[in-house]
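Student: Protein chains in written order, with this note's numbering: chain C, 1 to 376; chain P, 1001 to 1376; chain E, 2001 to 2376; chain R, 3001 to 3376.
All C-beta atoms, glycine included, are put in the ideal place defined by N, C-alpha and C.
Number of protein chains: 4
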Amino acid sequence: MSRIRLGMVGGGKDAFIGAVHRIASRIDGEFELVAGALSSTPERARDSGVALGLDPDRSYGSFEEMAEAEAAREDGVEAVAIVTPNHMHAAPAIAFLKRGIHVICDKPLTATMEQAEELAAAVAGSEALFILTHNYTGYPMVRQAREMVARGDLGTLRVVQVEYAQDWLTEASESKQAEWRTDPARTGAGGSIGDIGTHALNLACFVTGLTLDALAADLQSFVPGRPVDDNANMLLRFGGGARGMLWCSQVAPGNENALRLRVYGETGGLEWAQEEPNHLWYTPFGEAKRLLTRGGAGASAAAAAASRTPGGHPEGYLEGFANIYLGAAQAIRAARDGSRAEVLDLLPGIDAGMTGMRFIAAAIRSSKANAAWVEP
Amino acid sequence: MSRIRLGMVGGGKDAFIGAVHRIASRIDGEFELVAGALSSTPERARDSGVALGLDPDRSYGSFEEMAEAEAAREDGVEAVAIVTPNHMHAAPAIAFLKRGIHVICDKPLTATMEQAEELAAAVAGSEALFILTHNYTGYPMVRQAREMVARGDLGTLRVVQVEYAQDWLTEASESKQAEWRTDPARTGAGGSIGDIGTHALNLACFVTGLTLDALAADLQSFVPGRPVDDNANMLLRFGGGARGMLWCSQVAPGNENALRLRVYGETGGLEWAQEEPNHLWYTPFGEAKRLLTRGGAGASAAAAAASRTPGGHPEGYLEGFANIYLGAAQAIRAARDGSRAEVLDLLPGIDAGMTGMRFIAAAIRSSKANAAWVEP
Amino acid sequence: MSRIRLGMVGGGKDAFIGAVHRIASRIDGEFELVAGALSSTPERARDSGVALGLDPDRSYGSFEEMAEAEAAREDGVEAVAIVTPNHMHAAPAIAFLKRGIHVICDKPLTATMEQAEELAAAVAGSEALFILTHNYTGYPMVRQAREMVARGDLGTLRVVQVEYAQDWLTEASESKQAEWRTDPARTGAGGSIGDIGTHALNLACFVTGLTLDALAADLQSFVPGRPVDDNANMLLRFGGGARGMLWCSQVAPGNENALRLRVYGETGGLEWAQEEPNHLWYTPFGEAKRLLTRGGAGASAAAAAASRTPGGHPEGYLEGFANIYLGAAQAIRAARDGSRAEVLDLLPGIDAGMTGMRFIAAAIRSSKANAAWVEP
Amino acid sequence: MSRIRLGMVGGGKDAFIGAVHRIASRIDGEFELVAGALSSTPERARDSGVALGLDPDRSYGSFEEMAEAEAAREDGVEAVAIVTPNHMHAAPAIAFLKRGIHVICDKPLTATMEQAEELAAAVAGSEALFILTHNYTGYPMVRQAREMVARGDLGTLRVVQVEYAQDWLTEASESKQAEWRTDPARTGAGGSIGDIGTHALNLACFVTGLTLDALAADLQSFVPGRPVDDNANMLLRFGGGARGMLWCSQVAPGNENALRLRVYGETGGLEWAQEEPNHLWYTPFGEAKRLLTRGGAGASAAAAAASRTPGGHPEGYLEGFANIYLGAAQAIRAARDGSRAEVLDLLPGIDAGMTGMRFIAAAIRSSKANAAWVEP
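Next up, the structure:
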């Protein structure tokens, strides 16, 4: 079975998320990286291409050049991963979608709502797939949690508590990662809410199947001079009557990537934390709490389908990310035959992206209105 | 050193918190229970007195009778513990305070603001002590956390996340405990916010030394027909600029008494959970997280002063509660000499009680106004 | 119900375990400390008596004096707690047993086998009760574990892993506690094996109901000049075919009182740790692991009978210890009526003490024979 | 940088460890699987080759055929992964080593000591590399632990406790994995001691740098009719005076892959568990315990060099395994230039393999001699 030919936009030297996408694309052997526009600086792009072993002819100075050239090749890329800062998502995504090339794009969708809408239109107008790497949905126990909620193990949902805490921006920082993520021109109007708050919301919605009806947000920029939020507290109201809260922070010392979801319904509760992703705590009301392990006796079909190792041999962030790529590969292979892969039901796409953009906008609007309720 | 003569109002058969107070009063051998009005039903009161070994002459049918009789005895009670439902706190407390008898009262302060104000006036007008059993402040590692914040280990505080989750009211219940705690006539207007939300707020304020400037609350009564809230989500704004959230719930399956506080400042973070009270997690920003244990190498003077066993021999809820009684004993002995014990700085009293009552009222007011900001 | 009159031998100023016994005796209000020979130095004994509020006439300079005087009083002590170093257990215990006074004695039984045999004879010859404070058997979840094994939840047992690790003797120490516990004249021939190894073995046997058939022990004294072992590794063979290991150490940095038991049978496994005593992990083979909590949905009758607070309000070391005293009180009250309390089945006594002494002797014998198998 | 051409012996359909090796070889993009003898049944071998996308010409019916053909090709494999049952390790390894092809071989080394010695001779006689996948040494925090011990953070070592517990063989099983792993003809004389006990020993030696001087082992086959051990308890004596124990079990319900190492020295302790591999607990004696996280503030150079994601984004079993492959790639590239890669100091090879074989033999010899001390 030949590999899917993959290109990459962004992800040159010192980039963090580009390397993650590359590993994720390799884990199941479904993709082969064959082309790239790895940096916005052409020279740097070429150097990065060499370091990654790309054919120099296919290491491009810009995404436009790449899109044009690759679309013209018989053996051109079938899919492209977009791993640039947020303000550089829409343009390349649109360029490739237009040419019928599938897009796997990092989150949040774009830096601005205008970009988001243009991109949404491009997705609607293309036959190519658009997949957004809200990668936490790829964790096996997250998929199991979704399955358990869907089949009614918790009864009607009442309470959703979700949070994503980090500490790396506790002080002003000039690292490459910190720099663009706190620059509104590149990251967008949201700081922590865009970078990690969207992940938290996406996770909550993915697992619960609920839609967010309204939020009331109180945003802060604790570090002096920081032009975007670095902490956010929110009240949430979901369709169907469930209520909850969302906390995201990049200034909480002692937290690395503490994404955590707790969901409670009429008949049971579920708790999951990204830093211990192989575990899912389940309490049927009135019974003892159970530790469901990926690969263990309590693992469901959804978890098993997303697992590569037996229980007790932990899978991690990269395998969860790889499940997005694996799903993308299945969907791309199906698309070759003109069919739609079922796995697309599990993969975040343009809708999840637009939900995230509306969430960012709503949070900012609410916070400016002193945490008034706002519909996203 | 002779024991302090203690009386009790409430706490008859089947009561939960009365037994806790009695154990707490015995642990350090500072008190001797010698009188009681243990039930609102005189016969039941007398039976309970017999079961507890009280002199039948000092097992009273009502608190009024008890207050009068004990005040008249040379060997009458020096202090009284009030462990009745909330609506029955103020009247007995006032009766004893008037007679110069110290009062140790369960929380929340009262069922209504009117009662609270009457009680506050009585406290102001009496030389007797009034101590409110916000017992979680008695845990050694909570006192250490307060000490660490006060001495600046965390720098200026930014974020306070506090929660208290239970599951015992997930379904409608007719247990004795559930019954009065969900009856506004006895418990007051607040359900979960009064019963456990006040504990959460008290813990947050005790540790951080901050005052709550404003809250925005979204209260729910998930169980059909329940006349008080059983879940509450709140945004918090503290003096000095710190922001936070408070969640309390009695309908979160899998949670027993999950009171948890997380505090983050410019230079460090602290995390503590009531169900593992001997541990305090401390992260100085930029260093590895440390597990401070009660009695271990990282324990402070404040923790040591409140400990009875070496590290690794866990102390629990009853010892934390006993620290309130131990402090009360020290304060009462000092009061005998006309002096003020320093430990009173650590003991919740009428101010903490009024703070709790204003918190309940504010939360209800805010929630009725669609989670508008309200000053408590 | 009047309190049982209790005396104490040892437990003066600076003693650790005496204070623990006193608290444990007070928690349920069953005992009143009325007499003591609190130190081997008469003056010190008297001072300690004053500090504890004893009637000066009943604060004795020696246990002999105390035994004689108290036996002669109409209101003399009904029971005595012996909390001296090991070499001073047998003589006072025998003195009180002879006079029909119940004995609650700290562990290990004695310093030497000769003392142990004399004491055993005295117990056999007395109608008074002899209770040994292997206090970890008092933890509710330990009693539940025993109940679960007994009723067959694990099937036939196969593997027993037990350990008790500390670090307080990692370096040579001259603290009062360290001093006598590393002096063979006072502590006996065993160091860590006597002080904590006996607890580990007792816990394993209590929970499993198994008897130890043979052991092979490798003892070490890592700290230069220490005359007793501070670390021990052992292989164990139990009646019925179960096998296991026992590790005890006082030189394992990072361990406070890490007593931990794991038991595996044909159909399930149980895991318990003293530092989280309110939890018991249970895995029925082929099902998800369950977290049984004291007071929670999975708590058994045995756990409930030994509990004072609801689930999630942790009980600790002192409450576990108090369960030994509570049982002693029940047994003493029954003995007054000439009957035998059922709770004695749960209370360690002279048999558990002799088992411990034979264990110490066997471990030393085995280690001297290069870890040969030895029957204890 | 072109990929290293990799072949595989074993690892056809339904195999567990073959798939793991393939993923591990792909994660860093250093290898390309181009040939295989994937099953001992030629037809099955060919089908598996097709499924994996191998060129049918390079999907061989036997390893002999493959070795010969690949050695003859200009573009033949440079390295081969051997993932067959234990009795089929030596022959293919020797066949490839003879032809100068590097070998990456699963553990334990072989089924018999004779095979091991033949293989050792072949390794000695070849210029090709031989790497044994004791994969747990690839975990970043394991490498950090080794570095910390080596630089003296713990002082002279005293105590080593290591264990590897599973439960999947609690009952008789006829799964493919269970079948060969309990068949002495294929797995060798050791059951649990070979399959997982060798991992435990290897981990202990890798981290501590100590050599095992002697062991005393008590082996059991708890499941009726099982011809190999499924549980083993051992005493250990290391060079330099450290002592320890090793427990391995495949019949401990509730344990998935509970490999755990604890090391204590004169000045500190370290604790690590495979199921939470991103954490390393470190206690400098007399200070608070620290949670060192992969990628966090306490991570060392050794951990950083073996990491792909930031702290709090967990890496797992596959990344640890991939670190063996990454090291192999570095060593192979260096070997092309005739130099020796420094990373070989971290990679288990024939010596680790022989240590494991001697360990298995010694454990069996000791157990037959009633747990007598035996030098491995």
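Spatial neighbours of residue 264(C) within its chain, please: C-beta separation below 6 Å, excluding the five flanking residues on both sides.
Tutor: For residue 264(C), where only same-chain residues beyond five positions count, the Cβ hits under 6 Å are 158, 159.
Student: Can you give the Cα-Cα distance for residue 3078(R) and residue 1255(P), rounded to whole angstroms?
Tutor: Each residue's alpha carbon lies about 56 Å from the other.
Student: Does any residue of chain R have a CB that is nearer than 9 Å to the CB of residue 2222(E)?
Tutor: It does: the Cβ of residue 2222(E) has a partner Cβ on chain R nearer than 9 Å.
Student: Tell me residue 2249(E)'s beta-bridge partners as DSSP assigns them.
Tutor: In the DSSP output, where bridge partners are listed per residue, residue 2249(E) has 2165(E), 2231(E).
Student: Would you mind telling me which residues of chain E sit closer than 8 Å to residue 1311(P), beta carbon to beta carbon, in chain order?
Tutor: The answer, in chain order, is 2256, 2257.
Student: Got a sec? Which residues, its chain only, sit under 6 Å from residue 324(C) by beta carbon, not counting five neighbours each side?
Tutor: Cβ neighbours of residue 324(C) beyond the five flanking positions: 133, 135, 138.
Student: What's the C-alpha gap between residue 2099(E) and residue 2122(E)?
Tutor: Their Cα atoms are separated by approximately 11 Å.
Student: Return no unless some Cβ of chain E is closer than 9 Å to the Cβ of residue 1023(P).
Tutor: Chain E contact via Cβ: present.
Student: Nearest to residue 3191(R) by CA position, among 3302(R), 3117(R), 3086(R), is which residue?
Tutor: Considering only alpha carbons, the answer is 3086(R).
Student: Just to confirm before moving on: does the CB-CB distance between residue 2344(E) and residue 2143(E) stay below 9 Å?
Tutor: It is not a contact, given that the beta carbons lie outside the stated cut-off.
Student: Residues in its own chain within less than 6 Å of residue 1176(P) by CB, not counting five upstream and five downstream?
Tutor: Contacts found: 1014.
Student: Between residue 145(C) and residue 207(C), which are expected to be in contact by the criterion C-beta below 8 Å, what is the C-beta distance as a whole number of angstroms?
Tutor: Between residue 207(C) and residue 145(C) the Cβ distance is about 5 Å, and since that is below 8 Å, they are a contact.
Student: Keeping to the same chain, check which residues put their C-beta closer than 7 Å to that of residue 335(C); ignore five residues upstream and five downstream.
Tutor: 129, listed in sequence order.
Student: Would residue 1352(P) be called buried (16 or more neighbouring beta carbons within 10 Å of its own) or exposed?
Tutor: It is buried - the Cβ of residue 1352(P) has at least 16 other Cβ atoms within 10 Å.
Student: Out of curiosity, what's the CA-to-CA distance linking residue 3281(R) and residue 48(C)?
Tutor: Answer to the nearest angstrom: the Cα atoms are 38 Å apart.
Student: Quickly, what does DSSP pair residue 3023(R) with across the bridge? List them, please.
Tutor: According to DSSP, residue 3023(R) bridges with nothing at all.
Student: Show which residues of chain R have a CB atom less than 8 Å away from the CB atom of residue 1269(P).
Tutor: Per Cβ cutoff of 8 Å: no residues; residue 1269(P) is ~12 Å from chain R at best.
Student: Exposed or buried, what is residue 3073(R) when buried is set at 16 or more other beta-carbons lying within 10 Å of its beta-carbon?
Tutor: Counting Cβ neighbours within 10 Å, residue 3073(R) comes out exposed, since fewer than 16 surround it.
Student: Does the beta-carbon of residue 1370(P) have 16 or more other beta-carbons within 10 angstroms, so that it is buried, or is it exposed?
Tutor: So residue 1370(P) ends up on the exposed side.
Student: With a Cβ-Cβ cutoff of 9 Å, do residue 3356(R) and residue 3202(R) count as a contact?
Tutor: Cβ atoms of residue 3356(R) and residue 3202(R): closer than 9 Å.
Student: Skipping 5 residues on each side, what residues in its chain have a beta carbon closer than 6 Å to that of residue 372(C)?
Tutor: These residues qualify, in order along the chain: 366.
Student: List, in order along the chain, the chain R residues whose C-beta lies closer than 7 Å to that of residue 2264(E)?
Tutor: Those are 3251, 3252, 3253, listed as they occur along chain R.
Student: Do you know whose CA, among 2285(E), 2309(E), 2012(E), lies nearest residue 2155(E)'s CA?
Tutor: The shortest C-alpha separation from residue 2155(E) is found at 2285(E).
Student: On a CA-only basis, which of 89(C), 306(C), 375(C), 310(C) is nearest residue 297(C)? Give me that one, please.
Tutor: Answer by Cα proximity: 310(C).
Student: Is the CB-CB distance between residue 1316(P) and residue 2318(E) below 9 Å?
Tutor: Contact flag set, yes.
Student: One question on the structure: do residue 1162(P) and residue 1243(P) come within less than 9 Å of each other, judged by their Cβ atoms?
Tutor: Not a contact, by the Cβ cut-off of 9 Å.
Student: What residues from chain R crowd round residue 136(C), counting only those whose CB sits closer than 8 Å?
Tutor: Simply none; closest approach about 10 Å.
Student: Does the Cβ of residue 2075(E) have 16 or more other Cβ atoms within 10 Å, making it buried, or fewer, making it exposed?
Tutor: Classification for residue 2075(E): exposed.
Student: Grab me the residues of residue 3359(R)'s own chain with a C-beta within less than 8 Å of its C-beta, minus the 5 sequence neighbours each way, in chain order.
Tutor: Closer than 8 Å at the Cβ level, and outside the excluded window around residue 3359(R), lie 3193, 3197, 3198, 3201, 3212, 3215, 3376.
Student: I want to see whether chain E comes within less than 9 Å of residue 3374(R), judged by CB atoms only; does it?
Tutor: So, not an interface residue.
Student: Between residue 2353(E) and chain P, is the shortest Cβ-Cβ distance under 9 Å, so that the two count as touching?
Tutor: Not one chain P Cβ lies under 9 Å of residue 2353(E).
Student: Could you give the distance in angstroms between the alpha-carbon of residue 1046(P) and the alpha-carbon of residue 1034(P)?
Tutor: So the two alpha carbons sit approximately 13 Å from each other.
Student: Counting only Cβ-Cβ distances shorter than 7 Å, please list the residues of the segment 1281 to 1299 of chain P near chain R, keeping chain order.
Tutor: Those residues of the segment 1281 to 1299 of chain P that come within reach of chain R (Cβ to Cβ, closer than 7 Å) are 1286, 1287, 1288, 1289, 1290, 1291, 1292, 1296, 1297, 1298.
Student: For residue 1069(P), I'd like the list of residues in its chain whose CB is within less than 7 Å of its CB, leaving aside the five on either flank, ordered along the chain.
Tutor: Around residue 1069(P): 1060.
Student: Near residue 3257(R), what residues of its chain come up, given a Cβ to Cβ distance below 7 Å and the 5 sequence neighbours on each side ignored?
Tutor: Counting only Cβ-Cβ distances below 7 Å, and skipping sequence neighbours, we find 3166, 3274, 3275.
Student: Near residue 3181(R), what residues of its chain come up, given a Cβ to Cβ distance below 6 Å and the 5 sequence neighbours on each side ignored?
Tutor: The answer, listed in chain order, is 3187, 3195.
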